[in-house]
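Undergrad: I'd like to ask some things about the structure below.
2 protein chains.
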Amino acid sequence: MPFYTIAQAAEKFGLTAHTLRYYDKEGLLPFVQRSSGGIRLFSDGDLQWLALLTCLKNTGMPLKDIRRFIEWIKQGDESIPQRYEMFLEQKKRLQSEIETMQLYMKRIDFKLWFYGEAMKKGSLAALEQDNAFRKERDKRMKELEQRPVSPVCVKQK
Amino acid sequence: MPFYTIAQAAEKFGLTAHTLRYYDKEGLLPFVQRSSGGIRLFSDGDLQWLALLTCLKNTGMPLKDIRRFIEWIKQGDESIPQRYEMFLEQKKRLQSEIETMQLYMKRIDFKLWFYGEAMKKGSLAALEQDNAFRKERDKRMKELEQRPVSPVCVKQK
DNA sequence: GTACACCTTCGAGTTTACTCAAAGTCAAAT
DNA sequence: ATTTGACTTTGAGTAAACTCGAAGGTGTAC
């Protein structure tokens, strides 16, 4: 089966048909064909493109930068260095994002430990009585970085 | 020095004073004291709280969920299990986020390799001529996962 | 004592990426 | 042939998190 409907394509990437039509309107799906009746036909190549699109979008690239990338593709070979550069930047951004996420993970693990101890004791006041706990807590807190979070790009759902 | 101004506090977390005032208005800074003249005084404890706030926010928690967490804190000991549960969920979410980011990294590395090869050859048409390249490309493309993009929460900047 | 940066509140505006409603069209099944 | 349900377009509306401007108070340096 060579083609997918908009709903099938959307489903494969956790999007809605609405969203794909929006992307199309915004010029982000430049290669999708139409049937004689005007219905969008998503080929395997289009799904590959969608995989790349969602990769870029979900790693923090704004839709307008993706549009610029499409312009570069349309320009052909002369824009290859710009495209390389773009992916290099995106890699850097993603690397620093992952590192930041790992620091956040440590903070969340700390709170899990903290509330786990609190549940054992039954109350926060009781925890504060415990010298051994306070010492351990201070030690663990010191290991948490207080970092000035650079261009972080995680969004709320 | 026991207190920081709003601008100093903002700077430590890569925010603006405007944003901190917005957070305060939204009830997200419930413990910040004021001077006799009404000026916000950020203590070390407040900075700790800001570190946690930015951690939760930047790992995808909406401000309204953070507000709910504040309500739990105000309720005292009886809400400790809910708070533990909240951090457990946040940990799961962050883990899956990091895994997804690592998959995206593979896709970006693939494109870097691809455009790197293209730059060596000088044109995409020339690349397509090269049997060895096509074989290697197909092999690498097969290793890219096409799907697992569940509740991803990275945002554009 | 006045300049000046920084603080205040309030409320309106912006950005980004959707998200949906309405009204109509297409294609397969009965 | 009609019905069903997924598809189409246009254009308006929404949500979240800021972001800014206006008008005015505060406090320290010269």
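Protein sequences, first through last, are from chains A and B. Positions in the first sequence are counted from 1; adding 55 to them yields this note's numbering. Positions in the second sequence are counted from 1; adding 55 to them yields this note's numbering. Every residue gets a Cβ at the ideal spot worked out from N, C-alpha and C, and that includes glycine.
1. Taking just the CA atoms, how far does residue 130 of chain B sit from residue 60 of chain A?
2. Short of 8 Å Cβ to Cβ, which residues in the region 153 to 177 of chain A face chain B?
3. Output the boundary residues of the alpha helix (DSSP H) element that contains residue 140 of chain A.
4. Tell me, please, whether the region 123 to 140 of chain B touches the region 165 to 182 of chain B by the rule of three or more beta-carbon pairs shorter than 8 Å.
5. Using a Cβ cut-off of 8 Å, pull out every chain A residue sitting near residue 57 of chain B, in sequence order please.
6. Does any residue of chain B bring its CB to less than 9 Å from the CB of residue 180 of chain A?
7. Using a Cβ cut-off of 7 Å, which residues of the region 116 to 144 of chain B contact any Cβ in chain A, in chain order?
8. May I ask you to report which of helix, strand or coil DSSP gives residue 124 of chain A?
9. How big is the Cα-Cα spacing for residue 74 of chain B and residue 95 of chain B?
10. Between which residues of its own chain and residue 83 of chain A is the CB-CB distance below 8 Å, once the five residues before and five after are set aside?
11. From residue 115 of chain A to residue 176 of chain A, what distance separates their C-alpha atoms?
12. Anything in chain A within Cβ reach of residue 83 of chain B, meaning under 9 Å, just list it in chain order.
13. Using a Cβ-Cβ distance cut-off of 9 Å, determine whether residue 184 of chain B contacts chain A.
14. Taking the alpha carbon of residue 72 of chain B as the point to measure from, which residue in B/159, B/62, B/191 has its own alpha carbon closest?
15. Hey, would you say residue 160 of chain B sits closer than 9 Å to residue 150 of chain A, going by beta carbons?
16. For residue 199 of chain B, verify whether its CB is less than 8 Å away from any heavy atom of the ligand ADP.
17. Counting only beta-carbon atoms, is residue 146 of chain B nearer than 9 Å to chain A?
18. Taking DSSP as the reference, what is the three-state secondary structure of residue 96 of chain B?
19. Under a CB-based cut-off of 9 Å, is residue 72 of chain A close to chain B?
20. Over the uninterrupted alpha helix (DSSP H) stretch that includes residue 78 of chain B, give me the two end residues.
21. With 16 other CB atoms within 10 Å as the buried threshold, where does residue 162 of chain A fall?
22. Are the C-beta of residue 206 of chain B and some C-beta of chain A separated by less than 9 Å?
23. Residue 188 of chain A lies in the alpha helix (DSSP H); which residues open and close that run?
24. Rounding to the nearest angstrom, what Cα-Cα distance links residue 67 of chain B and residue 200 of chain A in this structure?
25. Can you find a C-beta in chain A that's less than 9 Å from the C-beta of residue 150 of chain B?
26. Which value, in whole angstroms, describes the spacing of the CA atoms of residue 69 of chain B and residue 113 of chain B?
27. Any beta carbon of chain B sitting closer than 9 Å to that of residue 64 of chain A?
28. Rounding to the nearest angstrom, what Cα-Cα distance links residue 97 of chain B and residue 103 of chain B in this structure?
29. Please report the straight-line C-alpha distance between residue 77 of chain B and residue 64 of chain A, rounded to a whole angstrom.
TA: Concretely, from the data shown:
1. 51 Å
2. 153, 155, 156, 157, 159, 160, 162, 163, 164, 166, 167, 170, 171, 173, 174, 177
3. 135 to 176
4. no
5. By Cβ distance, chain A contributes nothing, its closest Cβ being about 17 Å from residue 57 of chain B, past 8 Å.
6. yes
7. 116, 117, 132, 135, 136, 138, 139, 142, 143
8. helix
9. 14 Å
10. 108, 118, 121, 122, 125
11. 42 Å
12. Here the premise fails: no neighbours, minimum Cβ distance about 13 Å.
13. no
14. B/62
15. yes
16. The ligand ADP is not part of this structure, which contains no ligands at all.
17. yes
18. strand
19. no
20. 72 to 80
21. buried
22. In this predicted model, residue 206 of chain B has a pLDDT of only 47, less than 50, meaning its place in the structure is not dependable enough to derive any value.
23. 186 to 197
24. 12 Å
25. yes
26. 12 Å
27. no
28. 10 Å
29. 40 Å
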